[in-house]
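Below you'll find the structure, written out as structure tokens, and then a few comments.
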Amino acid sequence: MPTLTLFAGPNGSGKSTIVNFVRTDDPYPYPPGTFYLNADDLEKQLRSRPICDLRPYGLHTLPLAEWNRFVKESTLTDKICQTKQLTVDQVLTCIKLVRGSIGIKTEATDTDPYYMEVDSYVAALIIDFIRYHLIRTEQSFAFETVMSHAGKLDIMRRARKAGFQVRLYYVTTRDPDINVARVSYRVADGGHPVDEAKIRSRYWDSLNNLAGALRLADEAYLFDNSTDGGDSIEIAHKVGNELMVSVEEVPDWYIQYVEAKFLP
């Protein structure tokens, strides 16, 4: 049975630490051969070389019409059109599927004035396309997400409908001030910036989606990472319909967003 693994939580909560721990240590399940998708990593890669090879994901012979249809139907394309002041057809001239790779035209030419600067929306569009086809071809994959948008729950639903086992690793903190500070430290160390208002709004939006994600997950592990310099603490884990608390005293976010919204 293929598995969808989500590493979720607000910006600055410590998702990457959880990812590294789960992928390298035995206590938590992570299926071998799982494709790992990360839009931030892809964005960095595309900035240095604007080509995404789809063949490592087993996507060798996708028809151009499939890419064109996906781009036209994606809500991410709407965001790209708005931010870059392009039409959908112009976007398709700048981001093309050619022989198992997606290439991005990053410079204008004498015959074609349209081009595409790589940004988070472009990377997210490509990741979404890969994710869509991994579900269609029933291949196990994992990805990181802030989970501030209900669209991530739709991905969980599609995967379940396609016969996937869905596993959730969720990490957060007790206060968004912690997340804001950590993102600031990360930026000072060369990491990518996130607007403070977005960090704060996504913190609450992510927690508001947690109960829905728990209902869709066959298995889930919830962590608190509020202590600077300390390890994330497993607060609870869920198998099937049973949710088991792992600590004597649970944090407020667990009481408000799990006990109050999921358990009833």
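For what it's worth, the working numbering labels the leading residue of the sequence shown as 1, then goes sequentially.
No residue lacks a Cβ here, since even glycine has one placed at the ideal position from N, Cα and C.
These numbers come from a predicted model, not from an experiment.
{"query": "I think Tyr203 touches Asn179, with their Cβ atoms under 8 Å apart; what is that distance to the nearest whole Å?", "result": "6 Å"}
{"query": "Would DSSP call Gln165 helix, strand or coil?", "result": "strand"}
{"query": "Just to confirm my understanding: we take Asp53, look at its own chain, exclude 5 residues before and 5 after, and list those with CB closer than 6 Å. What are they?", "result": "Ser101"}
{"query": "Taking the alpha helix (DSSP H) that Thr61 belongs to, which residues open and close that run?", "result": "Taken as a continuous stretch (DSSP letters only), Thr61 belongs to no alpha helix (DSSP H), as it is neither H nor E."}
{"query": "Buried or exposed for Asp128, going by 16 or more other Cβ atoms inside 10 Å?", "result": "buried"}
{"query": "List the whole-angstrom C-beta distance separating Ile18 from Val187, where the pair is believed to meet the contact cut-off of C-beta under 8 Å.", "result": "With a Cβ gap of about 21 Å, Ile18 and Val187 do not count as contacting."}
{"query": "Following the continuous alpha helix (DSSP H) through Asp330, name the residue where it begins and the one where it ends.", "result": "This structure gives no information on residue 330, because the portion of the chain shown stretches from 1 to 264."}
{"query": "By the three-class DSSP mapping on this structure, what secondary structure does Ser101 have?", "result": "strand"}
{"query": "In terms of residue numbering, what span does the alpha helix (DSSP H) encompassing Leu134 cover?", "result": "Ser120 to Arg136"}
{"query": "Taking Gly12 as the reference, which of Leu243, Thr145 and Lys261 has the closest Cα?", "result": "Thr145"}
{"query": "To the nearest angstrom, how far is it from the Cα of Gly33 to the Cα of Lys15?", "result": "20 Å"}
{"query": "What residues are listed by DSSP as bridge partners for Phe7?", "result": "Glu144 and Tyr169"}
{"query": "For Leu267, which option in Glu234, Val194 and Ala150 has the closest C-alpha, if you only look at C-alpha atoms?", "result": "With the chain represented from 1 up to 264, any question about residue 267 goes unanswered, as that position is not in the structure."}
{"query": "Out of Thr173, Met244 and Val88, point me to the one whose CA is closest to Ile199's CA.", "result": "Thr173"}
{"query": "On the DSSP bridge assignment, give the partners of Lys238 in chain order.", "result": "Ala220 and Leu243"}
{"query": "Note down, in chain order, each residue of its chain lying with its Cβ closer than 6 Å to the Cβ of Tyr254, except the 5 sequence neighbours on either side.", "result": "Ile235"}
{"query": "Taking Cβ positions, are Pro176 and Gly103 nearer each other than 9 Å?", "result": "no"}
{"query": "Which residue or residues does DSSP assign as beta-bridge partners of Leu263?", "result": "Bridge partners of Leu263: none, in fact."}
{"query": "Can you tell which of Asp218, Asp228 and Tyr257 has its C-alpha closest to the C-alpha of Leu210?", "result": "Tyr257"}
{"query": "Under the three-state reduction of DSSP, which class applies to Leu54: helix, strand or coil?", "result": "coil"}
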